[in-house]
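First to last, the protein sequences are chains A and B.
Residues in the first sequence are numbered consecutively from 174, following the numbering used here.
Residues in the second sequence are numbered consecutively from 72, following the numbering used here.
Glycine included, C-beta positions come from ideal geometry on N, C-alpha and C.
Quick caveat: nothing in here was measured; it's all calculated off a predicted structure.
Okay, so here's the structure we're looking at.
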Amino acid sequence: MEMFVDEEDGLTKIALVGRLDLKGADKIDMRFSAVAGIRPKVAIDLSQVDYIASMGIRAFVMSGKAAAQRQNKLVIFGAAEPVHKVITTSGLDQIVTVVANWEAARAYLA
Amino acid sequence: MSVPAASPVERFEAPAVRDRIVDAADWIDGWARSAGLSDDVVFAMRLCVEEAVTNVVFYAYAASPSEGRFWVEAWLEGPEARLRITDEGAAFDVAAAKDPGIETDIENATMGGRGVRLMRSFSQGLAYERRNDANMLTLAFLRGGPPAGT
Numbered sequence: 174m175e176m177f178v179d180e181e182d183g184l185t186k187i188a189l190v191g192r193l194d195l196k197g198a199d200k201i202d203m204r205f206s207a208v209a210g211i212r213p214k215v216a217i218d219l220s221q222v223d224y225i226a227s228m229g230i231r232a233f234v235m236s237g238k239a240a241a242q243r244q245n246k247l248v249i250f251g252a253a254e255p256v257h258k259v260i261t262t263s264g265l266d267q268i269v270t271v272v273a274n275w276e277a278a279r280a281y282l283a
Numbered sequence: 072m073s074v075p076a077a078s079p080v081e082r083f084e085a086p087a088v089r090d091r092i093v094d095a096a097d098w099i100d101g102w103a104r105s106a107g108l109s110d111d112v113v114f115a116m117r118l119c120v121e122e123a124v125t126n127v128v129f130y131a132y133a134a135s136p137s138e139g140r141f142w143v144e145a146w147l148e149g150p151e152a153r154l155r156i157t158d159e160g161a162a163f164d165v166a167a168a169k170d171p172g173i174e175t176d177i178e179n180a181t182m183g184g185r186g187v188r189l190m191r192s193f194s195q196g197l198a199y200e201r202r203n204d205a206n207m208l209t210l211a212f213l214r215g216g217p218p219a220g221t
């Protein structure tokens, strides 16, 4: 699991690449929390994530909580099947905003 | 790729520790691919093993003074691929566990509790048995059938 952070027009885009299992969540844990939970406008790109388990969902719930406490905006985008199915089955999309693509994410954060 | 109608049971065994959870997921991934199963079934089996073994590592042996072990078995049977996760920890009927439901409030959202829902959704069925002081969870997957979780 790799993590790339890009700042663009006041937005923070975090691209995750690889497998977001327990090992992947451990690898990005500290840095991901430090960015996703603190920056005011965060978009998380899952278009290059090919697997996710509940430990990955947990990382997004933690960041979503931190963002909500600070009244920051956080959005997840780009998840393809079957990763998207894990997101909807787990209910993550009911507590964190999930959209289809970068354009929709940018519109949400505007 | 053609696949056989049935196959012998293959087995993975490891100590029930955090570092071995992904090893078990890697093992079932390799088994499912070598059995010629579709990418959707490989994904579903990998996810279910990771969720089930995570529960074993974090909860089944929580009250045990010594390190426990777990076993993952996989085989083909008729139209299905099946896997079984066994541990000798505290009794816990995953198949009967109550689903806490979908949460709608991020501030009060729980950190865990989603694994059982994922296993139910991504498999064709769960069966639990307590035998000889061991938990045995068996899951079935349709080989190359409609994507699990639909």
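Residue burial classification, residue i (beta-carbon count within 10 angstroms, cutoff 16)
i	result
A/Glu276	exposed
B/Lys169	exposed
B/Glu244	With chain B covering only 72 through 221, there is no way to say anything about residue 244 of chain B.
B/Arg202	exposed
B/Ser135	exposed
A/Ala226	buried
B/Asn206	buried
B/Val80	exposed
B/Ala76	exposed
B/Gly172	exposed
A/Ala252	buried
A/Gly210	buried
A/Gly197	buried
A/Phe233	buried
A/Pro245	Per the sequence shown, the amino acid found at residue 245 of chain A is Asn instead of Pro. Buried is the call here.
B/Asn126	buried
A/Asp179	exposed
B/Thr181	exposed
A/Met203	exposed
Anticipated Cβ contact below 8 Å, residue i with residue j, distance rounded
i	j	result
A/Ala188	A/Asp218	4 Å
A/Leu247	A/Ser263	Between A/Ser263 and A/Leu247 the Cβ distance is about 16 Å, and since that is not below 8 Å, they are no contact.
A/Leu184	A/Ala216	6 Å
B/Leu189	A/Val259	6 Å
B/Ser109	B/Gly215	4 Å
B/Arg185	A/Ile230	6 Å
A/Lys214	A/Leu282	4 Å
B/Glu159	B/Asp90	Wrong, their Cβ atoms sit about 19 Å apart, outside the cutoff.
B/Ser194	B/Phe212	6 Å
B/Ala85	B/Phe163	The Cβ separation is near 19 Å, so there is no contact.
B/Val113	B/Asp94	Not really, about 16 Å apart at Cβ, beyond 8 Å.
B/Glu178	A/Lys238	7 Å
Residue i - partner residues in DSSP beta bridges
i	result
A/Gln221	A/Val190
B/Thr209	B/Arg155, B/Ala198
A/Asp179	A/Lys186
A/Arg243	The partner list for A/Arg243 (beta bridge, DSSP) is empty, contrary to what the question assumes.
A/Lys196	Per DSSP, none; premise fails for A/Lys196.
A/Ala216	A/Lys186, A/Val248
B/Ala85	B/Phe141
A/Thr270	A/Val248
B/Phe77	Looking at the sequence shown, residue 77 of chain B is not Phe but Ala. In DSSP, B/Ala77 forms a bridge with B/Glu148.
At 4 residues or longer, what runs of the alpha helix (DSSP H) sit wholly inside the region 91-149 of chain B?
92-105, 110-126
Output needed in chain order: residues of the region 259-270 of chain A with a Cβ under 7 Å from some Cβ in chain B.
Val259, Thr262, Ser263, Gly264, Gln267, Ile268, Val269
At a Cβ cut of 9 Å, what residues of the region 162-178 of chain B count as close to chain A, listed as they run along the chain?
Gly172, Ile173, Glu174, Thr175, Asp176, Ile177, Glu178
Within 9 Å of chain B by C-beta, residues of the region 223-238 of chain A in sequence order
Asp223, Tyr224, Ile225, Ala226, Ser227, Met228, Ile230, Arg231, Val234, Met235, Gly237, Lys238
Given a limit of 8 Å on CB to CB distance, which residues of the region 188-205 of chain A reach chain B?
Asp194, Leu195, Lys196
Counting only Cβ-Cβ distances shorter than 7 Å, please list the residues of the region 148-162 of chain B near chain A, keeping chain order.
none
Output needed in chain order: residues of the region 204-216 of chain B with a Cβ under 8 Å from some Cβ in chain A.
none
For the region 78-109 of chain B, which residues have a CB atom closer than 8 Å to at least one CB atom of chain A, in sequence order?
Arg89, Ile92, Val93, Ala96
The region 178-205 of chain B: positions lying closer than 7 Å to chain A by Cβ
Glu178, Ala180, Met182, Gly183, Arg185, Gly186, Arg188, Leu189, Ser192
What are the residues in the region 114-126 of chain B lying within 8 Å of chain A by C-beta distance?
Phe114, Ala115, Arg117, Leu118, Glu121, Glu122, Thr125
Going along the chain, which residues of the region 244-256 of chain A sit with their C-beta nearer than 7 Å to a C-beta in chain B?
Pro255
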